[in-house]
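Chemist: Shown below is the structure under consideration.
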Amino acid sequence: MLDEADRCSEHGQLGELLRREGLYSSHLTCWRKQRREGSIQGLTPRKRGRKAQPRNPLTKRVTELERENQILHKRLQQAELIIEVQKKVSQILGVTLETPEDSESGS
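Here the numbering used here is used: the first residue of the sequence shown is 977, the next is one more, and so on.
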C-alpha cells in the first residue's frame, strides 16, 4: 500500500487512492513512520500455533531424580531378594545367620 501511495505523483491521485481503499492520510503517516523505524512486519512469516510454555528450570532435575529413584528402587528389590534367598539357603543347610541385632549385643 505504501509503495502504491508513493507512486502517486499527480495532484489528486493520493486522495483518490485513499478514498478507494477507505483509508485516512494518518494511516499512511503512521505506516511510513513504522517503515522508517523498521517495525513493519507486514507479510513476514510468523510462527503459527500456541506460544510455547516457559520451561520450568527444575523439570529436568525432577526427571533425573525420578530416574535415579527408579534405579535405586530396583537395586533395593534385588538386595531384598538376595537376602531372602540367603535366609532360605541357611535354613536348608541348617546354618544360623547372625542378624544385625545379634552382632551388636554380642560385641
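Backbone N, C-alpha and C define an ideal beta-carbon position, used for all residues, glycine too.
1) Measuring straight from C-alpha to C-alpha, what distance separates Glu1040 and Leu1034?
2) Use the C-beta contact count for Ser1083: other C-beta atoms within 10 angstroms, 16 or more gives buried, fewer gives exposed.
3) For the alpha helix (DSSP H) containing Gln989, name the first residue and the last one.
4) For Glu1013, which three-state DSSP category applies?
Modeler: In brief:
1) Taking the first residue of the sequence shown as 1, we reach residue 1040 at position 64. Taking the first residue of the sequence shown as 1, we reach residue 1034 at position 58. Cα to Cα, the separation comes out at about 10 Å.
2) By one-based count along the sequence shown, residue 1083 stands at place 107. Unreliable placement is indicated for Ser1083, whose pLDDT of 49 sits below 50; no coordinate value is reported for it.
3) Taking the sequence shown and counting its residues from 1, the one referred to as residue 989 is at position 13. Run containing Gln989: Gln989 to Glu997, per the alpha helix (DSSP H) assignment.
4) Counted from its first residue, the sequence shown places residue 1013 at position 37. Correct three-state label for Glu1013: helix.
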